[in-house]
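Everything on this sheet refers to the single structure shown next.
In my numbering, the protein residues as written are 77 to 185.
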């Protein structure tokens, strides 16, 4: 955590802090330092979560845009271009009428 600071260096730093701040003020400084480190960790975690959420939302937007582009391409491929001949649909027989067939029984000469 402290990198190249060893135990002797740490003891020297604590002795200097004790001399500068005194025995009454040192525990108070330790508590405030601990609270500050805790708040910093909390803020950094919130920032990381916010960034992850924004990245996830951006990925979803990209996926939706790609899906819309695919759908538009498929629709454009299904619709014939303007000016192209379109074959008319055969007329549907009327639903209420019946079709009767007659046979010709006349003799063939």
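For every residue, glycine included, the Cβ atom is placed at its ideal position computed from N, Cα and C.
Just how far apart, CA to CA, sit residue 125 and residue 111? In the chain shown, the residue the question calls residue 125 occupies position 49. In the chain shown, the residue the question calls residue 111 occupies position 35. Taking the straight line joining both Cα atoms gives about 21 Å.
Between which two residues does the alpha helix (DSSP H) harbouring residue 112 extend? Position 36 of the chain shown, counted from the first residue, corresponds to residue 112. Run containing residue 112: 83-154, per the alpha helix (DSSP H) assignment.
Contact belief for residue 93 with residue 102 at Cβ below 8 Å, rounded distance in angstroms: On the chain shown, position 17 is the one that residue 93 refers to. On the chain shown, position 26 is the one that residue 102 refers to. Correct: roughly 6 Å between the Cβ atoms.
May I have the straight-line CA-CA distance separating residue 127 from residue 121, to the nearest angstrom? In the chain shown, residue 127 corresponds to position 51, counting from 1. In the chain shown, residue 121 corresponds to position 45, counting from 1. Roughly 10 Å between the two C-alpha positions.
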